[in-house]
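Chemist: I have a structure I would like to understand better, so I am pasting it below and will then ask my questions one at a time.
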Amino acid sequence: MNYQSDDKGYYGIFGGAYIPEMMYQNINTLQNCYLEIIESSDFQQEFRKLLRDYAGRPSPLYFSDRLSDHYHTNIYLKREDLNHTGSHKINNTIGQILLAKRLGKTRIIAETGAGQHGVATATVCARAGLKCIVYMGAVDVARQSPNVEKMKMLGAEVRPVQSGNKTLKDATNEAIRDWINNPVDTHYIIGSVVGPHPYPDMVARFQSVISEEIRVQLLEKTGKKTPDYVIACVGGGSNAAGAFYHFLDNLEVKLIAVEAAGKGVETGESAATTALGQPGVLHGSKSLLMQTADGQVIEPYSISAGLDYPGIGPMHANLFVTKRAQFLSATDEEALKAALFLTQCEGIIPALESAHALAALEMISFKPDDVVVVNVSGRGDKDMEAYLKYYQSVK
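The sequence shown begins at 1 in my numbering and counts up one residue at a time.
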């Protein structure tokens, strides 16, 4: 079984490029040149240098004594929260801004939910001196205000989106419309492993530095390259794609993807795509998505803005249907509880997105000699309002 995309951008039956005619030129250009550019020695040299000197990689692989004692196993945290801008998103935006410059683009657009991708995009645009416009659902603008102010300070224009349920899906819709209307000078930095080919593959390649480092770091710490489990949260799924990437073909490594159950999978307020979704086309690719019987997208819900999306990337859809990865879901309450537990036992405040991955530790029976890696995809300063509300309710 091949878990990578083919040359048409398909992961099994999922993927491809389902696009309007106005997007064809830009997408076709990317499809024809992205591998040649990003695999070239000069690109890789510049990319790796910026990951090291600008983003602060490698991010630590931290052995958590207290989590390990509590769950009676060996738990390592991949500290993507310690990257510049506070999440894994910087890995992809560094790669895509270098690609955009080589394509001669002078204007950058992006979508964002939790704001971490927006901040990372605004950051690399500031460094490159390029105009940056970030689309963000109006609901997310309100609940992620610290990141909105960071983007503005970095020189980006933040455009609130008032359509739909005013979250990530709707921000993506508006970014796509912008790109259709500005095909010549604009590059769209998609933040996750979604969208038309080549985006899912390209973003996964940029994020694969996460699993590349895990292999090296585990070998140094344990004497073996592979963990028994890799756990990551999944909305669109870029942090999970990066954490899984170099382990996809090693069937001894159990891959655990954790979606947002919201208020409960059966409540009608959830974003657990694999539990509720069916095959369909959204934002330019075929994948699993939450939809009605006649194909209308069902609005998702999660307390976590970065997981509040009605679909998953085609790589993850394929991992689900082939059973290569196990998909779990965590409710808002379970994620909040997991975040508070990590904070008080290790002094690490995770992003709400990452807290969903941590919640999975309660759902799995580990062996004492298992090696478990949890990808802490971001830091929680953006989520303090939600955390303080929860903390005050339980103390």
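We put the beta carbon where it would ideally sit given N, CA and C, even for glycine.
Computed from a prediction, not measured in an experiment: that's the story for all the values here.
Can you tell me whether P198 is buried or exposed, with buried defined as 16 or more other CB within 10 angstroms of its CB?
Modeler: As a working mapping, residue 198 is identified with position 198 in the sequence shown. Classification for P198: buried.
Chemist: May I have the straight-line CA-CA distance separating P183 from P196, to the nearest angstrom?
Modeler: Here the question's residue 183 lines up with position 183 in the sequence shown. Here the question's residue 196 lines up with position 196 in the sequence shown. The straight-line gap from Cα to Cα measures roughly 15 angstroms.
Chemist: CA-CA distance, N83 and V374?
Modeler: The residue given as residue 83 occupies position 83 in the sequence shown. The residue given as residue 374 occupies position 374 in the sequence shown. About 16 angstroms.
Chemist: Name the two residues that bound the continuous alpha helix (DSSP H) containing K169.
Modeler: Sequence index remark: in the sequence shown, residue 169 carries index 169 (1-based). Segment L168 to N181, the alpha helix (DSSP H) holding K169.
Chemist: M151 lies in the alpha helix (DSSP H); which residues open and close that run?
Modeler: Position 151 of the sequence shown, counted from the first residue, corresponds to residue 151. M151 -> alpha helix (DSSP H) spans S145 to M153.
Chemist: I'd like the list of long-range same chain contacts for S163, defined as Cβ closer than 8 angstroms, with 5 residues on each side in sequence excluded.
Modeler: Here residue 163 corresponds to residue number 163 of the sequence shown, with the count starting at 1. Contacts found: D170, N173 and E174.
Chemist: What residues match up with H72 in a beta bridge as DSSP calls it?
Modeler: Working through the sequence shown from its first residue, we reach residue 72 at position 72. According to DSSP, H72 bridges with nothing at all.
Chemist: Is DSSP giving N83 helix, strand or coil here?
Modeler: Here residue 83 is taken as the residue at index 83 of the sequence shown, counted from 1. In the structure shown, N83 sits in coil (DSSP, three-state: anything other than H, G, I, E or B).
Chemist: With 16 other CB atoms within 10 Å as the buried threshold, where does L388 fall?
Modeler: Working through the sequence shown from its first residue, we reach residue 388 at position 388. Burial call: exposed.
Chemist: Pick helix, strand or coil for R48, following the three-state DSSP scheme.
Modeler: Along the sequence shown, one-based indexing puts residue 48 at 48. Correct three-state label for R48: helix.
Chemist: Could you tell me which residues DSSP pairs with P350 in its beta bridges?
Modeler: Locating residue 350 in the sequence shown gives position 350, where the first residue counts as 1. According to DSSP, P350 bridges with R379.
Chemist: Compute the beta-carbon to beta-carbon distance between V139 and H283, rounded to the nearest angstrom, for a pair I have assumed lies under 8 angstroms.
Modeler: For this step, residue 139 is matched to residue 139 along the sequence shown. For this step, residue 283 is matched to residue 283 along the sequence shown. Incorrect: roughly 19 angstroms between the Cβ atoms, too far for contact.
Chemist: S354 and S377: beta carbons closer than 7 angstroms?
Modeler: Along the sequence shown, read from residue 1 onward, the residue named residue 354 stands at position 354. Along the sequence shown, read from residue 1 onward, the residue named residue 377 stands at position 377. Cβ atoms of S354 and S377: closer than 7 angstroms.
Chemist: Would you give the residue range spanned by the alpha helix (DSSP H) that R205 belongs to?
Modeler: Walking along the sequence shown from the start, residue 205 turns up at place 205. Segment Y199 to Q207, the alpha helix (DSSP H) holding R205.
Chemist: Quick one: which unbroken alpha helix (DSSP H) runs of 4-plus residues sit fully inside the stretch 181-268? Chain order, please.
Modeler: Runs of the alpha helix (DSSP H) inside the stretch 181-268: 199-207, 209-222 and 238-244.
Chemist: Looking at the structure shown, is M1 part of a helix, part of a strand, or coil, going by DSSP?
Modeler: Counting from one through the sequence shown, the residue named residue 1 turns up at place 1. Coil at M1, not helix or strand.
Chemist: The alpha helix (DSSP H) that contains Q31, what's its start and end?
Modeler: To locate residue 31, count along the sequence shown from 1; it is residue 31. Note, Q31: alpha helix (DSSP H), Y24 to I38.
Chemist: If I follow the unbroken beta strand (DSSP E) through A325, where does it start and stop?
Modeler: As a first step, residue 325 is located in the sequence shown; it is residue number 325 there, counting from the start. Element bounds for A325: A325 to T331.
Chemist: Which residue spans inside the stretch 106-133 form an unbroken beta strand (DSSP E) run of at least 3?
Modeler: If we require 3 residues or more, the beta strand (DSSP E) runs fully inside the stretch 106-133 come out as 107-112.
Chemist: Please name the residue, chosen from S211, H187 and V209, that lies closest to T29 on a Cα-to-Cα basis.
Modeler: Translated into positions along the sequence shown, residue 29 becomes position 29. Comparing Cα positions, the closest option is H187.
Chemist: Assuming Q207 and A241 form a contact by the criterion Cβ under 8 angstroms, report the distance between their Cβ atoms to the nearest whole angstrom.
Modeler: Position 207 of the sequence shown, counted from the start, is the residue given in the question as residue 207. Position 241 of the sequence shown, counted from the start, is the residue given in the question as residue 241. Their Cβ separation, rounded to whole angstroms, is 6 angstroms, which keeps Q207 and A241 in contact under 8 angstroms.
Chemist: Nearest CA to the CA of P310: which residue from R52, I37, V230 and G113?
Modeler: On the sequence shown, residue 310 is found 310 positions in, with the first residue counted as 1. When each option's Cα is compared against that of P310, the closest is G113.
Chemist: On a Cα-Cα basis, can you pick out the residue from A122, V265 and Q45 that is closest to L328?
Modeler: Walking along the sequence shown from the start, residue 328 turns up at place 328. L328 has its Cα closest to that of V265, out of A122, V265 and Q45.
Chemist: To which residues of the same chain is V161 closer than 8 angstroms at the C-beta, ignoring the five residues directly before and after it?
Modeler: Looking up residue 161 in the sequence shown gives position 161. These residues qualify, in order along the chain: Y135, M136, G137, A138, D170, A171, N173 and E174.
Chemist: Between I27 and T343, what straight-line distance do the alpha-carbon atoms span, to the nearest angstrom?
Modeler: The residue you call residue 27 lines up with position 27 of the sequence shown. The residue you call residue 343 lines up with position 343 of the sequence shown. Near 43 angstroms, if we compare the C-alpha coordinates of T343 and I27.
Chemist: Please confirm whether T121 and I19 have their CB atoms less than 7 angstroms apart.
Modeler: The residue you call residue 121 lines up with position 121 of the sequence shown. The residue you call residue 19 lines up with position 19 of the sequence shown. Contact flag unset, no.
Chemist: When DSSP labels each residue in this structure, what does K101 get in the three-state scheme?
Modeler: As a working mapping, residue 101 is identified with position 101 in the sequence shown. Reduced to three states, the DSSP call for K101 is helix.
Chemist: Cβ atoms of M151 and V119: under 7 angstroms apart, would you say?
Modeler: In the sequence shown, the residue the question calls residue 119 occupies position 119. In the sequence shown, the residue the question calls residue 151 occupies position 151. In this structure, M151 lies closer than 7 angstroms to V119 by Cβ.
Chemist: Which of helix, strand or coil does DSSP assign to G313?
Modeler: The residue you call residue 313 lines up with position 313 of the sequence shown. Note: G313 maps to coil in three-state DSSP.
Chemist: If we count the other Cβ atoms within 10 Å of its Cβ and call it buried at 16 or more, is P279 buried or exposed?
Modeler: Against the sequence shown, residue 279 aligns to sequence position 279. Looking at its Cβ environment, which holds fewer than 16 other Cβ atoms inside 10 Å, P279 is exposed.
Chemist: Assuming the contact rule is C-beta atoms closer than 8 angstroms, S238 and H88 should be a hit. Round their C-beta distance to whole Å, please.
Modeler: In the sequence shown, the residue the question calls residue 238 occupies position 238. In the sequence shown, the residue the question calls residue 88 occupies position 88. About 7 angstroms; that satisfies the 8 angstroms criterion.
Chemist: Here's the rule I'm using: 16 or more other beta-carbon atoms within 10 Å means buried, otherwise exposed. How should K382 be labelled?
Modeler: In the sequence shown, counting from the first residue as 1, residue 382 sits at position 382. The residue is buried, with at least 16 neighbouring Cβ atoms inside 10 Å.
Chemist: According to DSSP, which residues form a beta bridge with S285?
Modeler: Translated into positions along the sequence shown, residue 285 becomes position 285. DSSP output for S285 lists L282 as bridge partner(s).
Chemist: Alpha carbons only, please: which of Y390, I303, K337 and E213 is nearest the one belonging to H246?
Modeler: Looking up residue 246 in the sequence shown gives position 246. Checking every option, the nearest Cα to that of H246 belongs to E213.
Chemist: Taking buried to mean at least 16 other C-beta atoms within 10 Å of its own C-beta, is S365 buried or exposed?
Modeler: Position 365 of the sequence shown, counting from 1, holds the residue named residue 365. S365 comes out exposed.
Chemist: If you follow the alpha helix (DSSP H) that Y391 is in, where does it begin and where does it stop?
Modeler: In the sequence shown, the residue the question calls residue 391 occupies position 391. It spans M384 to V394 - the alpha helix (DSSP H) in which Y391 sits, taken as one unbroken run.
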